[in-house]
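Notes for the one structure printed next.
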Amino acid sequence: MHLSKKNQRDPILFVISGPSGGGKGTIMQRVLAEFPAIQKVVNYTTRPPRNGEQDGVDYHFIDEKTFRSLQEQGKIFEAERVYNDYYYGSPSDLLDEGADRFIEVDFKGHQKLRRHYNEVVSFFVLPPSFEELERRIRQRSPEANLPARLNNAREQIAEAGDYDYLIVNDDLDVCCCEVITAIRAEQIKRKGRRFLRRLLAGTDPNND
Ligand code: ADP
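Numbering (my numbering), first residue to last: 2 to 209.
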């Protein structure tokens, strides 16, 4: 694990999970706009881009053959065929960078990241209700397999207790404000601990 000069402490991996349609993408976009120093981890997917989505920004949009080939080369850390249709996966080099990073994974990915990495802070986005979740999925895109997505939503939500922060996405402004507050608090907590370590060790804590 690298020490980041800019952050003057070990980088944090912020993880966001939740059912499809729960608002993860929307929240991530708003929250990251507040933290230019936090890098978004761009995942891979074999699903086609939705309206307005950009390759390399929202996802790396690749075909199934390329996905399998990246998997064989060990370049995909966590892969899922979540809705019995498209593949989703995270890049395996995500721990090589020094900056705080933000990644979207499902609950299995979250468990795996926790085993590999100390500085994980996780958020689980809960919908205000299953009815509202269904409405948002329908409104966002006319993708098939709504029943698969809703079943998967129940499976994901059953694991929500493992997360550091449970965020209810009812009012988007409130929800983003809660995530932003938690990120600031986690950064402050680590900055203070590092300062104290250096102070006690006799290293100038103000000079990296
Ligand atoms: P996910 O990334 O979890 O699949 P999205 O961010 O794509 O979910 O959100 C799904 C849909 O719900 C989008 O159309 C988004 O604009 C809408 N949405 C997200 N949060 C809210 C909210 N608090 N109130 C109403 N609609 C929302």
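Don't be surprised by glycine CBs; every beta carbon is placed ideally from N, CA and C. What you are looking at is a predicted structure, and each value in this text was computed from that prediction instead of being measured.
Item	Value
Heavy atom of the ligand ADP within 6 Å of residue 21 beta-carbon	yes
Pairwise C-alpha distance: residue 203 and residue 25	43 Å
Buried versus exposed call for residue 55 [16 or more other C-beta atoms within 10 Å across all chains shown]	exposed
Environment of residue 157 [buried if 16+ CB atoms lie within 10 Å]	buried
Contact test: residue 24 Cβ vs the ligand ADP heavy atom, cutoff 6 Å	yes
contact_flag[the stretch 14-28, the stretch 173-193] where n(CB pairs < 8 Å) is 3 or more	yes
Residue 79, enclosing alpha helix (DSSP H) - first and last residue	Here residue 79 belongs to no alpha helix (DSSP H); instead the beta strand (DSSP E) covers 77-81.
Same chain, Cβ closer than 7 Å to residue 30, neighbours up to 5 away in sequence not counted	none
Segment contact, 8 Å Cβ cut-off, at least three pairs: the stretch 30-42 with the stretch 161-181	yes
For residue 37, the three-state DSSP class (helix, strand or coil)	coil
Any non-hydrogen atom of the ligand ADP closer than 6 Å to residue 201 Cβ	no
Near the ligand ADP: residue 137 beta-carbon under 6 Å from a heavy atom	yes
Residue 87 to residue 136 span [Cα, whole Å]	21 Å
DSSP three-state assignment for residue 130, whether helix, strand or coil	coil
Where residue 51 sits in the DSSP three-state scheme	coil
Contact test: residue 140 Cβ vs the ligand ZN heavy atom, cutoff 6 Å	You won't find the ligand ZN in this model; what it holds is the ligand ADP.
Pick from 164, 177, 45 that is closest to residue 65, judged by C-alpha positions	45
Closest residue to residue 36 among 72, 69, 100, 67 (Cα-Cα distance)	100
Residue 170 beta carbon near the ligand ADP (any heavy atom closer than 6 Å)	yes
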